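Letter 118 of the sequence shown, counting from 1, is numbered 117 in numbering that gives the first Met the number 0, and no numbers are missing.
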Amino acid sequence: MTQLIDSFGRVHRDLRISLTDKCNLRCSYCMPEFFNQWIPSKEHLTTDELITVIDIAVEAGIDEIRLTGGEPLLRNDIVEIVTRINQLEKPPAISMTTNGIALKRIASALVNAGLQRINVSLDTLDAARFKEITKRDNIAQVFEGLAEAKRVGLSPIKINSVLVRGVNDDEAPKLLKWALEEGYRLRFIEQMPLDAGNAWDRETFVSAIEIRESLGQHYSLEPVAQRGSAPAEEFLIDGGPQTVGIIASITAPFCGACDRLRLTSDGQLRSCLFATRETSVRDVLRNAELSESEKRARISALIFDSVAKKEAGHAINTPTFTKPVRPMSAIGG
Ligand code: SAM
Ligand code: SF4
C-alpha cells in the first residue's frame, strides 16, 4: 500500500475538503458580515471532479475524508458526494464539520449515504449571543440539527467552540456542562488568524491555558496520555470517562504530528491551513489535451509533491508570519 510521507517522516492520511466557501452564518472570527468575494461557481470542482480527486488521494494513502467549508451542507450534491465517496473501491472514513443548521433536514440521508462522524460548531448556548457572533438568528435550528444527528445515530458528535474575550469567554464551563449532559464531546479551538478581515487580535484571543483555568474552577481536568495525530489535547473530566479537548493551534502548535492535506472548493491542494503555496488540481482536471489516465497520473504526482514539500510547521508565532490571503471558509477549517 502506498503512503504519503513527507520529508519529516509524517504519514498523511487525512484529506480535508472545503466543498464551498459560502456560508449561511457570518461568525466574526471566520468572515466579515458583508463579505462578498466568493469564488465564482464555475471555479468550484464539480461532483465528478471531486470524486476523481478523492479516488486518487485514497489510492495514494488517504483513509479519512473530512467534508467542510464554508458550510458543506449548502452544496446541493452533498448526499451524492457522500454516497459516491462511500462507493469507492477502498472507501475512506467520512466525517463532516458543519454549523448544523441544515442537519434536521439532511442528517438521516447523510448517514444512509455513509457519513460516519460529525463535528458541529457552536460557541454559545444563548440565542442573543449566537446572533452577535454569527450575525444570524439560527440557534434553534442548530439545536434541532444536533438532536437529529443524535437520533440518526451519528457518534461521536463533537462540538467545536471558539472563545473570544468579551464575547463568550465566560461560557466555557456552561458549554461543558451542557455537552456532558447531552453526551457531546466538546473541543475548544484557539482562534487562529484566518479570518477574511482583521478579527484576530491578541487582546481578544483566549488561550488554551485560560480555557483550562476557566474549566478548572468547576471540574478537575487530567491530561489523557495518548494523543496521536489528533490536534486536541484531551482531558479526563473529574476522573473520566468523559473528556474535553482543547486545540492550542496558536500557543502549542501540533505540527509535528500533522497528518493532513487540504483541498479547496476550487481545486487547490494545500499542505497546511497556513501554507503560502497552493497547487491546482483543477487545471489538470480541465486540461482538454490530457487523457483520463494522464490526468490521474498528474494529480497523483501533485499530491505526492505537495506532501513532499510540506514545511515542518507554520510560523504563527514568529515576527515574519503573514496571514494567508484566503479566509478559513475557502481553505476549509
Ligand atoms: N461551517 C462549518 C462550521 O462552522 O463548522 C465548517 C467550516 S468552519 C471554517 C470549520 C471550523 O473552523 C469551525 O469549527 C469554526 O469554528 C472553525 N473556525 C473558523 N474560523 C476560525 C478561526 N479563525 N480560528 C479557529 N477556528 C476557526
Ligand atoms: Fe460559516 Fe463555519 Fe465560518 Fe461560521 S465558522 S462563518 S459557520 S464557515
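All C-beta atoms, glycine included, are put in the ideal place defined by N, C-alpha and C. Nothing here was measured: the structure is a model prediction, and the numbers come from that model.
C-beta atoms of residue i and residue j nearer than 9 Å
i: ARG128; j: MET95; result: no
i: LEU24; j: ASN137; result: yes
i: SER270; j: SER305; result: yes
i: GLN216; j: PRO172; result: yes
i: LEU49; j: VAL81; result: no
i: VAL10; j: ASP258; result: yes
i: GLY144; j: ILE100; result: yes
i: THR46; j: GLU79; result: yes
i: LEU175; j: VAL243; result: yes
i: ILE330; j: ILE246; result: no
i: ARG370; j: LEU260; result: Examination of residue 370 is not possible in this model, given that the chain is present from 0 through 332 alone.
i: VAL223; j: GLU233; result: yes
i: GLU180; j: LYS149; result: no
i: LEU220; j: LEU235; result: yes
Cβ separation of residue i and residue j, assumed to be a contact under 8 Å, to the nearest whole Å
i: SER17; j: THR263; result: 5 Å
i: ASP13; j: GLY68; result: Incorrect: roughly 16 Å between the Cβ atoms, too far for contact.
i: LEU124; j: TRP177; result: 6 Å
i: THR250; j: ALA311; result: Rounded, the Cβ-Cβ distance is 18 Å, inconsistent with contact.
i: ALA106; j: LEU153; result: 7 Å
i: GLU307; j: ASP5; result: Checking the displayed sequence, the identity of residue 307 turns out to be Ala instead of Glu. Yes, they are in contact, since the Cβ atoms of ALA307 and ASP5 sit about 6 Å apart, within 8 Å.
i: LEU3; j: PHE303; result: 7 Å
i: CYS22; j: GLU70; result: 4 Å
i: GLY113; j: ASN85; result: 3 Å
Where residue i falls, given that 16 or more other Cβ within 10 Å makes a residue buried
i: ASP265; result: buried
i: PHE7; result: exposed
i: PRO326; result: buried
i: ILE298; result: buried
i: THR97; result: buried
i: GLY60; result: buried
i: ARG83; result: buried
i: SER350; result: No answer is possible for residue 350: it lies beyond the span of the chain, which begins at 0 and ends at 332.
i: SER328; result: buried
i: THR133; result: buried
i: PHE273; result: buried
i: GLN225; result: exposed
i: LEU267; result: Sequence check: residue 267 is Gln here, not Leu. When all chains shown are included, GLN267 counts as buried.
i: PHE204; result: buried
i: SER290; result: exposed
i: LYS89; result: exposed
i: MET30; result: buried
i: GLY227; result: exposed
i: VAL288; result: The residue asked about is misnamed: residue 288 is Glu in this sequence, not Val. Classification for GLU288: exposed.
i: ARG186; result: buried
i: ALA337; result: Any question about residue 337 goes unanswered here, given that the chain covers just 0 to 332.
i: GLY239; result: exposed
i: GLU32; result: exposed
i: ALA231; result: buried
i: GLU368; result: Because the chain here runs from 0 to 332, residue 368 falls outside it and cannot be looked at.
May I ask you to verify whether the segment 185-192 touches the segment 54-62, counting CB pairs closer than 8 Å and requiring at least 3? No, the segment 185-192 is not in contact with the segment 54-62.
Those runs of the beta strand (DSSP E) which lie wholly inside the segment 147-223 and span at least 3 residues: Listed in chain order, the beta strand (DSSP E) elements of length 3 or more contained wholly in the segment 147-223 are 156-161, 184-188, 220-222.
Could you tell me whether the segment 151-165 touches the segment 198-210, using the rule of 3 or more Cβ pairs below 8 Å? Because the criterion of three Cβ pairs below 8 Å is met, the segment 151-165 and the segment 198-210 touch.
Does the segment 110-124 come close enough to the segment 146-160 to have 3 or more Cβ pairs within less than 8 Å? Touching, yes.
My parser needs the alpha helix (DSSP H) runs of 4 or more residues fully inside the segment 46-91; what are they? Given a length threshold of 4 residues, each whole run of the alpha helix (DSSP H) inside the segment 46-91 is given here in chain order: 46-59, 77-85.
For a minimum of 3 consecutive residues, which ranges assigned as the beta strand (DSSP E) are wholly contained in the segment 248-306? Within the segment 248-306, the complete beta strand (DSSP E) segments of 3 residues or longer fall at 259-262, 267-269, listed in chain order.
May I have a chain-ordered list of the beta strand (DSSP E) segments no shorter than 3 residues that lie completely inside the segment 101-151? The segment 101-151 contains these whole beta strand (DSSP E) runs: 116-120.
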